[in-house]
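Engineer: Once you've had a glance at the structure underneath, I'll fire off some questions.
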Amino acid sequence: MKDLIEIISGNQHPAYNVQLSIGLLFLRVVPGLFLLLHGLPKLGNPTSWMGDAFPGILQVLAVFFEVIGGLALIVGFLVPLFSAGIVITMVFATIFGHLMQNDPLIRLTVSSLNEGSGANYLFFPKWFVLAGGRSVFGTGSAELAILFLVIALCLVFTGGGKYAIDHTIAGYLQKVTSKT
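First residue of the sequence shown: 213, per the numbering used here; consecutive thereafter.
Shown next as structure tokens:
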């Protein structure tokens, strides 16, 4: 039971120090807020915000992990579990929402004087970084999805830290299970 509590809550680090926990607090709350705000407009049309070409259930799951997952990160509830869902969501967003739409990984909004919109930037290939422009989905690149993916992946392995609800719940459950 103790191992299950630690896995679900992300409380694998009983020696969380204050600095680490404050860092994890910021790593949860700020991206969690951005994910929540990113997902809220999709609640109005949760089964078809990406169009009919993408299965509705997957669109609903994406909205769920952006909105509910964002809230869970903010308060620190089931951080590894929701983070894993966010990772999967952002892998799909990166591949199907951006790369298959010919978006580069990074799109620069300001290019140097000798480059026009849609031109290569420095020596990088166009699939990696592109100067200027926008895509059909508006962002023009996969960089935000990749940032959310990497942050969530970190939280899968670290948990939410000392200042997460998970930490409090795990402490309570450990006391209860040790009495029995």
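Think of the CB as a built atom: it goes at the ideal place given N, C-alpha and C, for glycine as much as any other residue. Model, not experiment: these values are computed from the prediction.
How do the stretch 303-316 and the stretch 385-392 stand: do at least 3 beta-carbon pairs fall below 8 Å, yes or no?
Structural biologist: no
Engineer: Give a yes or no on contact between the stretch 281-298 and the stretch 310-317, applying the rule of three or more CB pairs nearer than 8 Å.
Structural biologist: no
Engineer: Mapping the DSSP letters down to three states, classify Met312 as helix, strand or coil.
Structural biologist: In the displayed model, Met312 falls within a helix according to three-state DSSP.
Engineer: Counting C-beta neighbours from all protein chains within 10 Å, is the total for Ala382 16 or more, i.e. buried, or is it exposed?
Structural biologist: Buried, by the Cβ-count rule.
Engineer: Touching or not, the stretch 234-245 and the stretch 264-273, by the rule of three or more beta carbon pairs under 8 Å?
Structural biologist: no
Engineer: Could you give the first and the last residue of the continuous alpha helix (DSSP H) run that contains Ala465?
Structural biologist: This structure gives no information on residue 465, because the portion of the chain shown stretches from 213 to 392.
Engineer: Less than 9 Å between the beta carbons of Gly282 and Pro337, yes or no?
Structural biologist: no
Engineer: Less than 6 Å between C-beta atoms, sequence neighbours within five positions excluded: which residues of the same chain meet that for Ser353?
Structural biologist: Excluding residues within five positions, the ones whose Cβ falls inside 6 Å are Asp315, Pro316, Ile318, Arg319.
Engineer: Could you tell me the distance, in whole angstroms, from the CA atom of Leu249 to the CA atom of Gly371?
Structural biologist: Going from the Cα of Leu249 to the Cα of Gly371 covers about 22 Å.
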